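Residue numbers (the numbering used here): -7 to 561.
Note that beta-carbon positions come from the ideal geometry of N, C-alpha and C, so glycine has one too.
Owing to the predicted nature of the structure, the values given are computational and were not obtained by experimental measurement.
Data block below; observations after.
Here it is, written out as structure tokens:
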């Protein structure tokens, strides 16, 4: 894998407030409008570049090896035997509609094993290349860390396929203790879940031969009634370290390995809460927990939504800034005169000896790439899996549909087309970043224009997907699988390329319209207005909002005040 440096959790600290990254939302097929399963993921980092990974399906001869590189740093950790066969992987979804996301919670620092071979990024992409369903992926991950050791901090993994969605949380055992302790929970059909840099699995039933098994019986994971799978030593390791005492039945993974703190609630769990409360009104009772004021009021791992979701709903949730809550980032003075729901880092600071924090919303400026993965069980896997993929800030970018069986990716999104320190005129990331950076300067005027195009295109893409589904399915039913895959690949590539073209046009349009703080006037057809002589019509110059003028007066009114009766202005 190409070298990537990713700050995924707690690596930057200011006044005790950690800079957490990444959000996952999970939707079971019974909770979606059309029976799809969904997993969303934002790869958030101040040093992560937005690009679409790709591994073609392959077959290997005996003795072939795979070099393991740490995803965060690119450091070579070692090598393992390669599988005889690997599957096609586009981003974080494979040709069998298996999808995997993650958020890093860190947890107990003393449990990191630097001698472990398998880092979390390698686990994700190896599992995608070797698994035909979610349970195979869980089994693959468990076996890899048991055999080769676990290199990373504590991780929460979202693992799904067309029929099921799971959360798997793991952490190492410390130096000299190979492997990891972990728990995997199947989200009940009809429910939604989420995680955002805080371990969320608490108590779970111990092995009873029906719904729960330990790693000693990992082969039983494929039994239909299995709902929980866990490492056999998950409790004993916690006991030996002094993290837990009491009856086994009372053991909580989260409380033992990643106890919730103020920042764990406010910067992490609050994102989960904001998603939950939009789909179940009873979740407002956990607002004090999301604010970090009542850490005993823990939220459930999953909930039943009061209404079902589609791809637009999941995408909308990934664009959340706590609108309509006490944490709404558009309403306090930090939003500035243009109501920008962003706060530049660091997240925490001190003033007169008192600590304050900025919110860490789901939509954030440092997103490298993000997606909403959709798996549809009623279609053949090459057609049923779609990775709705975007780069840069979710709120002001646009998703493009990429079928999971695509055999190539668009050059605009490909690995190697620019990087975070190398501008590329043809790269999707830089195109979207140009637009987003401009929006930050006058957010309440510019962002609505971006969102209007975003929504227009994403709704049109959904309609186009339905047509491409029909064309590909006709070919598939005629046993022309190659023809179906080519149709899906061509559509995925062409749609993404056309999207980037539209965004480049948006970039120039916004620059012309909003330059210098003015707003150019337009005619009914959208063109910029000119006088009969061809001169630009004088632009609008909207005033600052009243609250901003008040703030200026409080700060510098004695200097700026015009004497009564004085001429001018």
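C-beta atoms of residue i and residue j nearer than 8 Å
i           : j           : result
residue 393 : residue 476 : no
residue 339 : residue 259 : yes
residue 398 : residue 480 : yes
residue 199 : residue 205 : yes
residue 377 : residue 391 : no
residue 84  : residue 92  : yes
residue 303 : residue 184 : no
residue 365 : residue 31  : yes
residue 112 : residue 147 : yes
residue 333 : residue 350 : no
residue 367 : residue 44  : no
residue 283 : residue 318 : yes
residue 98  : residue 145 : yes
residue 261 : residue 291 : yes
residue 195 : residue 268 : no
residue 182 : residue 22  : yes
residue 330 : residue 233 : no
residue 129 : residue 90  : yes
residue 16  : residue 96  : no
residue 491 : residue 430 : no
residue 127 : residue 214 : yes
residue 151 : residue 114 : no
residue 520 : residue 504 : yes
residue 301 : residue 24  : yes
Exposure of residue i, with buried meaning 16 or more beta-carbon neighbours within 10 Å
i           : result
residue 121 : buried
residue 299 : exposed
residue 442 : buried
residue 285 : exposed
residue 552 : exposed
residue 612 : Nothing about residue 612 can be reported from this structure: the residues present for the chain run from -7 to 561 only.
residue 539 : exposed
residue 506 : buried
residue 421 : buried
residue 165 : buried
residue 216 : exposed
residue 153 : buried
residue 264 : buried
residue 536 : exposed
residue 395 : buried
residue 530 : exposed
residue 108 : buried
residue 311 : buried
C-alpha distance - residue i paired with residue j, whole-angstrom precision
i           : j           : result
residue 489 : residue 426 : 17 Å
residue 362 : residue 308 : 13 Å
residue 141 : residue 105 : 8 Å
residue 248 : residue 449 : 45 Å
residue 595 : residue 223 : With the chain represented from -7 up to 561, any question about residue 595 goes unanswered, as that position is not in the structure.
residue 191 : residue 235 : 15 Å
residue 188 : residue 231 : 26 Å
residue 543 : residue 451 : 41 Å
residue 384 : residue 409 : 15 Å
residue 522 : residue 513 : 9 Å
residue -1  : residue 38  : Annotation note: pLDDT 32 at residue -1 (below 50); position unreliable, coordinate value reported separately. For residue -1 and residue 38, the distance between alpha carbons rounds to 7 Å.
residue 463 : residue 478 : 11 Å
residue 336 : residue 346 : 19 Å
residue 321 : residue 306 : 20 Å
residue 125 : residue 211 : 14 Å
residue 170 : residue 277 : 41 Å
residue 557 : residue 440 : 41 Å
residue 472 : residue 482 : 16 Å
residue 325 : residue 343 : 16 Å
Cut-off 8 Å between Cβ atoms - residues of its own chain near residue i, not counting five sequence neighbours on either side
i           : result
residue 178 : 156, 157, 158, 218, 219 and 220
residue 496 : 423
residue 57  : 71, 72, 73 and 74
residue 468 : 372, 374, 375 and 476
residue 461 : 371 and 375
Chain D within 8 Å of residue i, Cβ atoms only
i           : result
residue 366 : Of the protein chains in the structure, only one exists, and it is not chain D.
Close Cβ partners of residue i (< 7 Å) along its chain, the five nearest in sequence each way excluded
i           : result
residue 533 : 510
residue 470 : none
residue 50  : 78
Neighbourhood of residue i by C-beta distance below 6 Å, restricted to the same chain and skipping five residues each side
i           : result
residue 428 : 384, 385 and 388
residue 486 : none
Next item on the list: Would you check if the stretch 350 to 358 and the stretch 71 to 87 touch, i.e. whether three or more CB-CB distances between them fall below 8 Å?
Entry: Fewer than three pairs of CB atoms, one per stretch, sit closer than 8 Å, so the stretch 71 to 87 makes no contact with the stretch 350 to 358.
Notebook entry, point to check: Taking one C-beta from the stretch 456 to 465 and one from the stretch 406 to 419 each time, how about it: are there three or more such pairs within less than 8 Å?
Noted result: Touching, no.
Next item on the list: Indicate whether the contact test is met: 3 or more Cβ pairs, each with one atom in the stretch 287 to 298 and one in the stretch 260 to 274, closer than 8 Å.
Entry: Between the stretch 287 to 298 and the stretch 260 to 274, the count of C-beta pairs closer than 8 Å reaches three or more; the two stretches touch.
Notebook entry, point to check: With contact counted as at least three CB pairs below 8 Å, one residue from each stretch, are the stretch 161 to 178 and the stretch 129 to 140 in contact?
Noted result: A contact exists between the stretch 161 to 178 and the stretch 129 to 140.
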